[in-house]
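Trainee: Before anything else, here's the structure in question.
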Amino acid sequence: MGHPHWFDGYTADTPYTAGYHPAQSPTVIGLVCAVCDVAWAPPDREALTVIDLGCGRGVTACALAAANPGWRVVGVDFHPAHIGDAREFAAEAGIENVAFLELDLTRMDEAAAARLLPQADVITAHGLWTWVSDAVRAGIIAVLRACLVNGGAAMISYNALPGWSQGLVVARLIQAAAAQRLGPSDQRAASGIEALRAFHQAEAYHLRDNPTVERLLVGGIGNTTAYVAHEYLPQHWRPAWAGDVHRDLAEARLDFVGSSAVEENFPTLLLTEKQRQAVALIQGPERETAIDACIRRVFRQDVFVRGRRRDFGVPRLSGLRLALLVAREKVRPAVRTHVGEASLPPHVADPVLDALAERPRAIGELLTLPGTENTTAAEIVAVLVGGGWAMPLWRDVPALDSAAAARARRYNRAALRRYGADAMAGGGRLGLVVPAAGCAYPCPADELAAAVMLQSAFEAGEPPPDIETILGRLMRADAAEEARAGFRERLAARLPGWRAAGVL
1 MGHPHWFDGY TADTPYTAGY HPAQSPTVIG LVCAVCDVAW APPDREALTV
51 IDLGCGRGVT ACALAAANPG WRVVGVDFHP AHIGDAREFA AEAGIENVAF
101 LELDLTRMDE AAAARLLPQA DVITAHGLWT WVSDAVRAGI IAVLRACLVN
151 GGAAMISYNA LPGWSQGLVV ARLIQAAAAQ RLGPSDQRAA SGIEALRAFH
201 QAEAYHLRDN PTVERLLVGG IGNTTAYVAH EYLPQHWRPA WAGDVHRDLA
251 EARLDFVGSS AVEENFPTLL LTEKQRQAVA LIQGPERETA IDACIRRVFR
301 QDVFVRGRRR DFGVPRLSGL RLALLVAREK VRPAVRTHVG EASLPPHVAD
351 PVLDALAERP RAIGELLTLP GTENTTAAEI VAVLVGGGWA MPLWRDVPAL
401 DSAAAARARR YNRAALRRYG ADAMAGGGRL GLVVPAAGCA YPCPADELAA
451 AVMLQSAFEA GEPPPDIETI LGRLMRADAA EEARAGFRER LAARLPGWRA
501 AGVL
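For the sequence shown, the tail end lands on 504 under UniProt numbering, and the numbers increase by one without skipping.
The structure is reproduced here in structure tokens:
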């Protein structure tokens with residue numbers, strides 16, 4: 001099938017999957033800066049301007065706008081269908097502080113960026129850098145140079161080398177098989193997966209014990225042809241070395257801060273002692289490449305600032321408030337890392353978790369509890385946030401009858417109605433907007449559906465349905481008992497966290 005020239009080698013005849021990406025949240029970006037002792041202090045936290053480059057169908061941009069009515073959020077994408085979908089979604093969700101612009105970054109220089117886009121406190125580009133041409137990358141740099149304010153922060157994600165090395169043969173086979181077939185990209189992607197399965201069954205040497213193969217064929221993501229088409233078929237797709245990306249972004253006067261995966265910002269949790277000694281031999285942009293040589297990191301979500309300054313972030317971390325995401329009894333205070341597992345000892349974890357089970361608390365308050373005398377704020381963050389047990393808050397928890405809570409509920413209903421079926425079929429994650437967090441909590445579609453049911457009961461003045469009623473409404477009558485039990489357990493774990501964060 002022939003493509004118009006404006007596609008520039010990108011997959012544009014098949015809409016991309018809709019999903020929420022937490023690494024783009026200023027809440028996460030601010031946490032990374034605090035952990036890494038880097039100053040990031042917007043003059044007004046309730047009036048940020050955020051630009052989402054490559055916004056796709058607008059799920060993340062709309063979530064940030066819904067959670068923060070005082071912010072200005074701008075989504076940019078070159079795909080007309082994505083922009084149209086995003087605008088319709090924003091209208092359906094009643095979000096007026098988000099705008100979506102159809103722009104071609106290949107034609108974007110600094111003058112054009114300054115003319116078309118606002119000055120921004122935060123600029124993100126998720127799932128863009130690896131998949132586009134050098135001309136688009138130059139456009140990204142132009143936007144960063146022209147629009148990111150002094151002291152502003154950016155998040156750029158990309159497939160990283162050498163971690164992606166084992167995936168190169170997978171991508172090549174998918175692309176080769178897809179090229180044999182005419183038709184829409186999702187059909188060609190299906191041919192690519194069919195060929196990959198044949199090679200895997202034939203015990204092709206380079207597909208044995210290959211994590212990318214496992215993810216596509218065993219994990220099931222390969223069944224989502226729209227994902228495969230966008231991930232593997234773009235003409236300009238190529239993973240990148242961290243050192244190269246950091247040098248390119250230095251042209252926009254950006255300095256590297258750390259990883260959006262917060263636990264990766266602690267050297268002792270990332271590398272062995274001998275690895276740390278080896279990495280110390282290499283400084284500058286290639287230091288992150290050296291780290292990536294020691295671990296298996298296939299995808300990077302890098303945070304940068306324009307003008308890196310020391311923050312001496314212990315006081316900032318101490319003021320950070322945390323809310324538990326799961327029921328107290330479900331928390332196992334540990335985080336899996338590249339070198340094993342880190343945990344909080346019981347004499348620290350027990351009083352901290354008991355306090356958080358009562359209500360969200362500042363880390364500084366947690367560190368005054370008996371038993372925490374030799375514990376640091378960074379250790380609390382690494383284990384509880386890195387392990388997915390707690391989330392940082394951006395502001396106080398609003399009342400359920402507040403305008404902020406009602407606004408979040410409207411977004412959640414619209415996201416479920418518009419994208420829930422696709423997410424359920426493809427296993428993608430949507431976002432449950434949490435105004436207190438200033439962002440959304442990533443969750444599968446069935447959990448979002450359960451939250452929407454509970455929120456709808458509140459708005460109707462009805463008693464909240466119990467878990468068995470929710471299961472009865474959301475699951476097929478012939479669903480396997482194992483699946484029902486798993487969903488029941490997940491909901492029981494989530495409900496206390498949703499209540500603590502003001503979702504319910």
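Every residue, glycine too, gets a C-beta built ideally from N, C-alpha and C. Here the structure is a predicted model, which is why all the values come from computation and not from measurement.
So residue 469 packs on residue 226, CB below 8 Å; how close in whole Å?
Mentor: Looking up residue 469 in the sequence shown gives position 469. Looking up residue 226 in the sequence shown gives position 226. Actually they are not in contact, since the Cβ atoms of residue 469 and residue 226 sit about 33 Å apart, beyond 8 Å.
Trainee: Helix, strand or coil, according to DSSP, for residue 418 in the structure here?
Mentor: Numbered from 1 along the sequence shown, position 418 holds the residue referred to as residue 418. Helix, per DSSP.
Trainee: The alpha helix (DSSP H) spanning residue 346 covers which residue range?
Mentor: Looking up residue 346 in the sequence shown gives position 346. Note, residue 346: alpha helix (DSSP H), 346 to 358.
Trainee: To which residues does DSSP link residue 75 through a beta bridge?
Mentor: On the sequence shown, residue 75 is found 75 positions in, with the first residue counted as 1. The partner list for residue 75 (beta bridge, DSSP) reads 52 and 100.
Trainee: DSSP state of residue 260, grouped into three classes?
Mentor: As a first step, residue 260 must be located in the sequence shown, where it is residue number 260. Coil, per DSSP.
Trainee: State the Cα-Cα distance for the pair residue 171 and residue 191, rounded to the nearest angstrom.
Mentor: Your numbering for residue 171 matches position 171 in the sequence shown. Your numbering for residue 191 matches position 191 in the sequence shown. Roughly 13 Å separates the two Cα atoms.
Trainee: Would you mind working out which of 367, 386 and 158 sits nearest residue 341, comparing C-alpha positions?
Mentor: Numbered from its first residue, the sequence shown carries residue 341 at position 341. Of 367, 386 and 158, the residue nearest in Cα terms is 386.
Trainee: Which runs of the beta strand (DSSP E) at least 3 residues long sit entirely within the region 294 to 339? Give them in chain order.
Mentor: Those beta strand (DSSP E) runs which fall completely within the region 294 to 339 and span 3+ residues are 299 to 305, 321 to 324 and 334 to 337.
Trainee: Is the region 371 to 389 touching the region 411 to 418, taking contact as three or more C-beta pairs under 8 Å?
Mentor: No contact exists between the region 371 to 389 and the region 411 to 418.
Trainee: For residue 485, name the three-state secondary structure that DSSP assigns.
Mentor: Walking along the sequence shown from the start, residue 485 turns up at place 485. Residue 485: helix per DSSP, three-state reduction.
Trainee: Where does residue 443 fall in DSSP's three states?
Mentor: Residue numbering aside, residue 443 sits at position 443 when the sequence shown is read from its first letter. Residue 443: strand per DSSP, three-state reduction.
Trainee: Determine the burial state of residue 218: buried for a count of at least 16 other Cβ atoms within 10 Å of its Cβ, exposed for fewer.
Mentor: Here residue 218 is taken as the residue at index 218 of the sequence shown, counted from 1. That one is exposed.
Trainee: With three or more C-beta pairs closer than 8 Å as the rule, is the region 125 to 138 touching the region 196 to 210?
Mentor: At 8 Å Cβ cutoff, the stretches do not touch.
Trainee: Determine whether the beta carbon atoms of residue 140 and residue 125 lie at a separation below 9 Å.
Mentor: Within the sequence shown, residue 140 is the residue found at index 140, counting from 1. Within the sequence shown, residue 125 is the residue found at index 125, counting from 1. Yes; because the gap between Cβ atoms is below 9 Å, this pair is in contact.
Trainee: So is residue 485 buried or exposed if we call it buried at 16+ other beta carbons inside 10 Å?
Mentor: The residue labelled residue 485 in the question sits at position 485 within the sequence shown. Flag for residue 485 reads exposed.
Trainee: Considering only their Cβ atoms, is the gap separating residue 150 from residue 239 smaller than 9 Å?
Mentor: As a position in the sequence shown, residue 239 is number 239, starting the count at 1. As a position in the sequence shown, residue 150 is number 150, starting the count at 1. Cβ distance not < 9 Å, so residue 239 and residue 150 don't count as in contact.
Trainee: What is the C-beta distance between residue 445 and residue 66, in whole angstroms, given that I count them as a contact (C-beta under 8 Å)?
Mentor: Counted from its first residue, the sequence shown places residue 445 at position 445. Counted from its first residue, the sequence shown places residue 66 at position 66. Not quite, the Cβ-Cβ distance comes to about 17 Å (not below 8 Å), so this is no contact.
Trainee: Which residues does DSSP list as the beta-bridge partners of residue 157?
Mentor: Working through the sequence shown from its first residue, we reach residue 157 at position 157. DSSP, once it has assigned bridges, lists 301 as partnering residue 157.
Trainee: Where does residue 108 fall in DSSP's three states?
Mentor: Taking the sequence shown and counting its residues from 1, the one referred to as residue 108 is at position 108. DSSP places residue 108 in coil when its eight states are reduced to three.
Trainee: Let me check one thing: in DSSP terms, what residues is residue 498 bridge-paired to?
Mentor: Position 498 of the sequence shown holds residue 498. Looking at the DSSP assignment, residue 498 forms no beta bridge with any residue, so it has no partner.
Trainee: What residue range does the beta strand (DSSP E) around residue 123 cover?
Mentor: In the sequence shown, counting from the first residue as 1, residue 123 sits at position 123. Where residue 123 is concerned, the enclosing beta strand (DSSP E) stretches over 120 to 125.
Trainee: Can at least three beta-carbon pairs, one atom from the region 319 to 338 and one from the region 176 to 189, be found at a separation below 8 Å?
Mentor: Counting Cβ pairs under 8 Å, fewer than three are found: no touch.
Trainee: Please identify the residue among 502, 142, 79 and 466 whose C-alpha is closest to the C-alpha of residue 489.
Mentor: Here residue 489 refers to the residue found at position 489 of the sequence shown. Of 502, 142, 79 and 466, the residue nearest in Cα terms is 466.
Trainee: Mind checking residue 259: buried by the 16 CB within 10 Å criterion, or exposed?
Mentor: What you label residue 259 is simply residue 259 of the sequence shown in a count that begins at 1. It counts as buried.
Trainee: Judging by CA-CA distance, which residue of 443, 402, 399 and 397 is the nearest neighbour of residue 419?
Mentor: Numbered from its first residue, the sequence shown carries residue 419 at position 419. For the residues 443, 402, 399 and 397, the minimum Cα distance to residue 419 belongs to 443.
Trainee: Spell out a yes or no on whether the region 303 to 319 and the region 31 to 51 are touching, meaning 3 or more CB-CB pairs, one atom from each, closer than 8 Å.
Mentor: Verdict: yes, contact present.
Trainee: Please report how far the alpha carbon of residue 478 lies from the alpha carbon of residue 487, in whole angstroms.
Mentor: Translated into positions along the sequence shown, residue 478 becomes position 478. Translated into positions along the sequence shown, residue 487 becomes position 487. Distance between the alpha carbons of residue 478 and residue 487: 14 Å.
Trainee: Please return the same chain residues whose Cβ sits closer than 8 Å to the Cβ of residue 390, not counting the five positions on each side in sequence.
Mentor: One-based indexing of the sequence shown puts residue 390 at position 390. Taken in chain order, the residues that qualify are 322, 323, 324, 325, 356 and 384.
Trainee: On the DSSP bridge assignment, give the partners of residue 255 in chain order.
Mentor: Start at 1 with the first residue of the sequence shown, and residue 255 comes out as number 255. According to DSSP, which records beta bridges pairwise, residue 255 is partnered with 305.
Trainee: Take residue 6 and list the residues in its own chain whose beta-carbon comes closer than 6 Å to its own, dropping the five residues that flank it on each side.
Mentor: To locate residue 6, count along the sequence shown from 1; it is residue 6. The predicted position of residue 6 is uncertain, since its pLDDT is 45 and thus under 50; a value taken from the coordinates is nonetheless stated next. So no residue of the chain qualifies.
Trainee: From the DSSP output, in three-state form, read off residue 514 for me.
Mentor: Coverage of the chain is limited to positions 1 through 504, which leaves residue 514 absent and any answer about it impossible.
Trainee: Using C-beta distances below 8 Å, list every residue in its chain close to residue 436, excluding the 5 sequence neighbours before and after it, in chain order.
Mentor: The count along the sequence shown starts at 1 and reaches residue 436 at position 436. So the qualifying residues of the chain are 323, 360, 393, 394, 395, 396, 397, 398, 501 and 502.
Trainee: Taking C-alpha atoms, which residue in 88, 46, 371 and 81 lies nearest to residue 103?
Mentor: Taking the first residue of the sequence shown as 1, we reach residue 103 at position 103. The residue with the shortest Cα to Cα distance from residue 103 is 81.
Trainee: So, is the C-beta of residue 341 closer than 9 Å to a C-beta in chain D?
Mentor: As a matter of chain content, chain D is missing from the structure shown, which is built from one protein chain.
Trainee: When you compare the region 259 to 272 with the region 286 to 300, are there three or more beta-carbon pairs, one atom per stretch, that lie closer than 8 Å?
Mentor: The region 259 to 272 vs the region 286 to 300: in contact.
Trainee: Would you list the one or two residues that DSSP bridges to residue 240?
Mentor: As a first step, residue 240 must be located in the sequence shown, where it is residue number 240. In DSSP, residue 240 forms a bridge with 160.
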